[in-house]
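Below is one structure; the comments refer to it alone.
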Amino acid sequence: MGKISLAIGLRTLFAVLGALMVATLVYTIFKDGLPFRKDLLTPWMVATLIDFYINVVALAVWVAYKESNWISSTIWIILLLCLGSITTSAYIVVQFLKLSSQESSQDPMYYVLLKHANKNSTEQKRKYSLVVTLRILFITLGSFMFGTLVYTLVTDGSPFRKELLTPWMTATLVDFYINVVALAVWVAYKEFSWIRAVAWIVLLICFGSITTCLYIVWQLFQITAQDPVYLILVHRSDRTENKYKTLSDEAT
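Adding 18 to a residue's 1-based position in the sequence shown gives its number in our numbering.
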């Protein structure tokens with residue numbers, strides 16, 4: 019019963035967050051016009067957008083893994099790039115709606131994070147792994163964001179200034195932190211210790227995509243270069259082909 023309540027709670031949470039972002043977007047367009055204006059691109063807005071889109075890359079990698087064909091994954095990723103957390107929220111709600119009652123009662127987060135296994139996909143994962151590629155990618159992105167943060171602090175000063183909170187900066191921050199909520203839910207699910215989970219989530223809130231990249235890279239180094247990448251999505255105790263196959267077989 020508790021697992022089903024978790025599934026319903028998370029589905030409701032992201033439905034509300036998606037609606038909040040839609041309302042924020044509509045309100046900001048009416049109040050401040052369209053965002054495609056050069057005057058909006060202040061140094062801290064540029065840094066915030068880079069921060070935002072690095073988190074989008076992390077979410078896009080998950081979407082690409084989850085989707086069964088390149089057409090649907092391409093559509094979802096384009097929507098992620100264009101609509102940000104509205105798409106994130108919609109995609110998560112859709113994944114929860116796809117769960118059967120049995121999946122919801124067993125481990126809803128497990129089934130939402132992982133796609134159903136089949137013999138062909140399992141064999142492909144064993145032949146080729148993206149672990150090393152993703153390590154390099156997220157180390158590079160995290161380093162780039164850290165450099166951007168330092169550069170913007172040096173050249174434009176502190177971000178904690180009232181004049182920076184334009185309507186579109188506020189909307190961008192709302193968009194950014196809804197994606198952070200999605201990542202924080204994943205972190206909370208993965209961590210066995212609530213102290214470690216809280217620590218990582220605080221770092222996510224404070225340092226954004228730098229923490230996202232650091233956490234993903236750390237998780238990638240917990241598995242070998244030959245392991246399938248999807249293993250980082252779940253608890254260490256769930257990182258076996260046998261359990262993945264067993265749970266997937268039960269759902270079919």
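The beta-carbon is built from N, C-alpha and C at its ideal position, and this holds for glycine as well. What you are looking at is a predicted structure, and each value in this text was computed from that prediction instead of being measured.
Taking its Cβ as the centre, do 16 or more other Cβ atoms sit within 10 Å of residue i, making it buried, or is it exposed?
i, result
"L132", "buried"
"Q240", "exposed"
"F48", "exposed"
"L115", "exposed"
"K180", "exposed"
"N138", "Any reading at N138 needs caution, since the residue's pLDDT is 42, under 50, leaving its predicted position unreliable; the model's value is listed next. Classification of N138: exposed, given that the 10 Å Cβ count is below 16."
"L183", "exposed"
"Q120", "exposed"
"Y248", "buried"
"W88", "exposed"
"G226", "buried"
"F178", "exposed"
"A25", "buried"
From the DSSP output, in three-state form, read off residue i for me.
i, result
"D50", "helix"
"P246", "coil"
"G36", "helix"
"R254", "helix"
"T106", "helix"
"Q120", "helix"
"P185", "helix"
"T30", "helix"
"L59", "coil"
"F210", "coil"
"R153", "helix"
Kindly say whether residue i, judged by its beta-carbon, lies nearer than 8 Å to any beta-carbon of chain D.
i, result
"F178", "The structure shown has no chain D; it contains just one protein chain."
Considering Cα atoms alone, identify which of the options is closest to residue i.
i, options, result
"W204", "A76, F54, S176 and T190", "A76"
"Q237", "A108, V192, L67 and V150", "V150"
"L35", "I219, Y195 and F210", "Y195"
"D69", "R254, A215 and T190", "T190"
Hey, residue i and residue j are a contact pair by Cβ (cut 8 Å); roughly how many whole angstroms apart?
i, j, result
"S147", "A78", "Not confirmed; about 19 Å, so no contact."
"V81", "Y109", "6 Å"
"D125", "K21", "7 Å"
"M187", "M63", "6 Å"
Exercise. Does the segment 217-234 come within contact of the segment 157-177, defined as at least 3 CB pairs closer than 8 Å?
Worked result: yes
Exercise. Do the segment 39-47 and the segment 93-104 make contact, defined as three or more Cβ pairs closer than 8 Å?
Worked result: yes
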